[in-house]
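Residue numbers (my numbering): 2 to 257.
No residue lacks a Cβ here, since even glycine has one placed at the ideal position from N, Cα and C.
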């Protein structure tokens, strides 16, 4: 019993310790973001890496998500003769929840893990220490461009995800399930409000901040050589995904 209590206590202490370190790193990142000079070329490089290179997987996942949503929604709504609501449900689900969440998860898996691995490798090979010796702030040089780029590109990817998911749902609903095209579109436009899109984009901004700061944090505090880099990369993806789902619930409770 005592060992169980000690184990739970140590896990709780580790959780609060990590939360504190992430918060301190976030504060330092914000502070360094407003200090000149701001290297725009590094931000654009990260936007290309995080955004453009994640575009294909985001489009692929969102399209098939919209198609599956249309199939499943049609199966349930047909029992109540409410097939005309399929388009609206697909659009609302994507814009409010699935678009921001799935986009952030895909970016975390592809780019967030890369952030942790790259910065972690620099830590264990003492390249970050070399930056400090050269009077270069490692937070400003390594973390600020990645966080700013994530905040900018994740909402853009979310817009693309919402659009392609809705198109995928339309193709299944109209072309395969033979729902009337005019009814499908009109019901979608009637029930989908602009606030649904705005609130989904606000979520994506928060998710972009979370996934980038967690990935950078895990890499920045890596230790233990190559094995430590692998461990940090895995922990970054797992922790970021969990935090994104928790933040999604909190934001949904306040926004909708």
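Whole-angstrom distance between residue 23 and residue 137, CA atom to CA atom
21 angstroms
Do residue 202 and residue 165 have their C-beta atoms closer together than 9 angstroms?
Cβ atoms of residue 202 and residue 165: not closer than 9 angstroms.
Considering Cα atoms alone, identify which of 217, 200, 179, 185 is closest to residue 144.
Considering only alpha carbons, the answer is 217.
For residue 8, three-class secondary structure by DSSP
helix
Residue 43 versus 147, 113, 52, 65, residue with shortest Cα-Cα distance:
147
Stretch-stretch touch, CB-based, cutoff 8 angstroms, three pairs: the region 109-126 with the region 233-240:
Per the Cβ contact rule, the region 109-126 is in contact with the region 233-240 (3 or more Cβ pairs under 8 angstroms).
Got a sec? Which residues, its chain only, sit under 7 angstroms from residue 78 by beta carbon, not counting five neighbours each side?
84, 86, 87
First through last residue of the alpha helix (DSSP H) which encompasses residue 166:
145-171
Three-way DSSP call (helix, strand, coil) for residue 180 in this model:
coil
Among 5, 179, 188, 53, nearest to residue 157 - alpha-carbon criterion
That would be 53, whose Cα lies nearest to the Cα of residue 157.
Cα-Cα separation between residue 172 and residue 68, rounded to whole angstroms
Spanning the two alpha carbons is a distance of roughly 8 angstroms.
Rounded straight-line distance, which links the Cα of residue 200 to that of residue 97:
7 angstroms
Just how far apart, CA to CA, sit residue 1 and residue 33?
No information on residue 1 is available, as it lies outside the stretch 2 to 257 that the chain covers here.
Report buried or exposed for residue 150, applying the criterion of at least 16 other Cβ atoms within 10 angstroms of its Cβ.
buried
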